[in-house]
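In full-length UniProt numbering, the protein residues as written are 1 to 113.
All C-beta atoms in this analysis are idealised placements derived from N, C-alpha and C, irrespective of residue type, glycine included.
Structural data, given as structure tokens:
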């Protein structure tokens, strides 16, 4: 629990021990680039210190970690688009930065679970 706000802080192995707004925004940009044009894929956004997936129907799903974000995406896209999502993630590897690489690898790992 954070002493300043009294809210529970969820550990995110992909982001590490510190959540910077810039890192959250980078994650969202990576995810949205991968899912752009994918049928049924929601849009990732940052909300405070967490992520939100906003669906086309107006439904929003909060996600505390990068892995949660990918898991919800894999589960929520059209069944035929799930393998396309995995291919899109794989095409980005190896990524240009260590953070981007961890984000994409978390996406592949989330599909396996």
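Assumed close pair residue 10, residue 64 - CB separation to whole angstroms, cut-off 8 angstroms
4 angstroms
Assign residue 42 to buried or exposed, taking buried as 16 or more other Cβ atoms, counted over all protein chains shown, within 10 Å of its Cβ.
buried
Could you tell me the alpha carbon to alpha carbon distance between residue 35 and residue 56, rounded to whole angstroms?
Taking the CA atoms as reference points, residue 35 sits about 13 angstroms from residue 56.
Reduced DSSP category for residue 13 - H, G, I as helix; E, B as strand; rest coil
coil
Are three or more beta carbon pairs between the segment 20-34 and the segment 82-96 nearer than 8 angstroms?
yes
Give the secondary structure of residue 79 by DSSP, where H, G and I count as helix, E and B as strand, and everything else as coil.
Residue 79: helix per DSSP, three-state reduction.
Leaving aside the five residues before and after residue 107 along the sequence, list all residues of the same chain whose C-beta is less than 6 angstroms from its C-beta, in chain order.
70 and 89
DSSP beta-bridge partners for residue 45?
52, per the DSSP bridge assignment.
Backbone CA spacing between residue 93 and residue 59 [nearest angstrom]:
30 angstroms
Per DSSP, what kind of secondary structure is residue 98 in: helix, strand or coil?
helix
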